[in-house]
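Just so we're aligned: the sequence shown equals residues 592 to 1087 in our numbering. Even glycine gets a Cβ: it sits at the ideal position worked out from N, Cα and C. Remember, it's a predicted structure, so these values are computed and weren't measured experimentally. All remarks here apply to the structure that follows.
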Amino acid sequence: MEICFIYVTSLHFLITLICCADVGIKGIALKNAQFYIQNKDFSCLDGSNVIPYSYINDDYCDCLDASDEPGTSACPNGTFYCVNVGHKPLTLPSSRVNDGICDCCDGSDEWRKSEITQYCENTCQMLGNAAKEEAKKIELIFVKGFEIRTKLVIKGKQLKTDKQHKIVELQSKERVAQDSKNEAQHNKEIAEKIEKITIKKYGLIPIGQKSNNEKSKDEIEVADVFNTIDINKNNKIEKEEMNSFITFDLYKDSLIPQDDINYFMDDKKELTYVEFSTISWNRLKLMIFNDKSTFPIQDKSVKAKPSNVFSKQNASFKRFHKSLYDEIKSIFNEAENARKSFEEAGKRLRVIQKELYDIKEFLKKDYGPDDEFAILYEKCFEFHDTQYIYKLCLFSHVTQQSKTDKSFISLGTWKSWNNLPKYNKMLYDKGEDCWNGPQRSTEVHLSCGLIPSFISVSEPNRCKYVMEFILPAACTRLQNIRHSEAIELEHDPQEL
Ligand code: MAN
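This is the structure in structure tokens:
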């Protein structure tokens, strides 16, 4: 019964439209044609007046809604409807009717002039064909883009799964690395304890480990001895200088033992202050100053008898110290190696922790309803204008680099999607402060395109930037496609 009623009503509308509605009236929209019935009084569409049929388009405004003057400019609030057969219909403000300019592609807005001679050329068919061609290309971009997007979805999901697995793997590596760091720390503490005892016992200089006061006291002593031995004052200690000190007559046989001198000098011909203080000083101190005596005066005669400073010492005593040096050296080496191992274990742990942190950061972000944007994470794209190079690193940050002084300004870091659930606007905020203004921020507008490309940058409000970016991941809706992209169809798109 209901269906029958709808059918009868529709049929009645159709009959009215075919036999009675006056589609010949200029400027009416097709949907309104049914209200303009030839030779019947016309009721304004808003009900504001009822007028004789002859008053329609008579250049006099009778209806408040201008519905009696659809084809003239009599009512300021009126509109003219171009049917534009073959192309898109168009609605114009009534002021543009019969103004001498052809606005409708079918020329109907200049109907008065065309009544005399054809005033406007009908370009609807041509425009309609061109629009259809463009629409086909756009459709093709959408279809191809959607195909790529489908692959991106698979890749994005795979990437996320891989990262999740990687987290588990890294967490177990982290535990192992933490254990080995703890062990290295334990070994270091033991080795350093022994080192400390040794240093204390033999009154050595633990280079780089003492407080500033203690250090400077040691440095003064080292510098004193260095200056004493440096007879020619060239800021270096030469072998000849060493040989001119009876102090080095270690065996009290009026000879300076050259193998011992080579040992002091670490097999070098001359020593700088740094080499002396870092290499030779402890060797010297162990072998000569163990009795806390001061450095003896120079004796220009190498053959001279040793001074009584060392008269208490004998050769075996000194040899004992040389071997003691080796023992101490190995204690120092052990402590040094333990420190290095600890440092390396710490480094290894930090590398793992950094990787873990990065993956967690990656997984925190929303890569679209199907993870179709995931593989673009931290991928960067540039746009150059006359003044700046803009760099957009997706899901990460945006910068502006001046072409003149090469300085960088942050235009924001990843914040979020800006108009969910559409996933076509990204927001990067908390960029560098704008002078006397807000913090810089950037909105990135995404639309469908086969190749990810940075299309444009603008600054509609000071320090608020808008970037246009195209990519296949955004090929979800036909209206998202940029028309200019049509020409790129011939190129082989990369799958991003
Ligand atoms: C720099 C740039 C411009 C910005 C001004 C604001 O010159 O970041 O984009 O408009 O600063 O002072």
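- When secondary structure is reduced to three states using DSSP, Lys617 falls in the coil class, being assigned neither helix nor strand.
- Counting only residues of its own chain and dropping the five nearest sequence neighbours on each side, Gly669 has a CB closer than 6 Å to the CB of Ala657, Glu660 and Ser685.
- Asp1024 is bridged by DSSP to Gln1030.
- By DSSP's assignment, Ile642 forms a beta bridge with Phe633.
- Counting along the chain, the unbroken alpha helix (DSSP H) around Glu780 starts and ends at Cys715 to Tyr793.
- Cβ contact annotation for Ile820 (same chain, cutoff 6 Å, sequence separation greater than five): Ile828 and Glu832, in chain order.
- Straight-line measurement puts the Cα of Pro1063 at about 6 Å from the Cα of Ile739.
- Placement of the Cβ of Ile785 at a distance of 7 Å or more from every heavy atom of the ligand MAN is found.
- The beta carbon of Asp650 sits closer than 6 Å to the beta carbons of Thr663 and Ala665 from its chain, once the five residues preceding and following it are set aside; these are given in chain order.
- Per DSSP, the unbroken alpha helix (DSSP H) holding Ile852 starts and ends at Gln849 to Phe855.
- Under the three-state reduction of DSSP, Thr995 is assigned to coil, being neither helix nor strand.
- For Arg1031, the number of other beta carbons within 10 angstroms of its own is at least 16, and it is reported as buried.
- Nearest to Ile692 by C-alpha distance, out of Pro680, Leu681, Glu706 and Tyr710, is Tyr710.
- Comparing alpha carbon positions, the residue from Cys654, Thr789, Leu681 and Asn648 closest to Asn640 is Cys654.
- When rounded, the separation of the alpha-carbon atoms in Phe999 and Ser987 is 16 Å.
- With 7 Å as the limit, the residues whose C-beta approaches a heavy atom of the ligand MAN more closely than that are Gln991, Ile1000, Cys1025, Trp1026, Gly1028, Arg1031, Glu1050, Arg1053 and Cys1054, in chain order.
- By the Cβ criterion, the region 922–930 is in contact with the region 777–791, since at least three pairs of Cβ atoms, one from each stretch, lie closer than 8 Å.
- Secondary structure of Val1057 (DSSP, three-state): strand.
- DSSP, read as helix, strand or coil, puts Lys622 in helix.
- In this structure the region 1019–1035 touches the region 1044–1059; the number of beta carbon pairs closer than 8 Å is three or more.
- Counting only runs that start and end inside the region 915–981, the beta strand (DSSP E) elements of at least 3 residues fall at 971–975.
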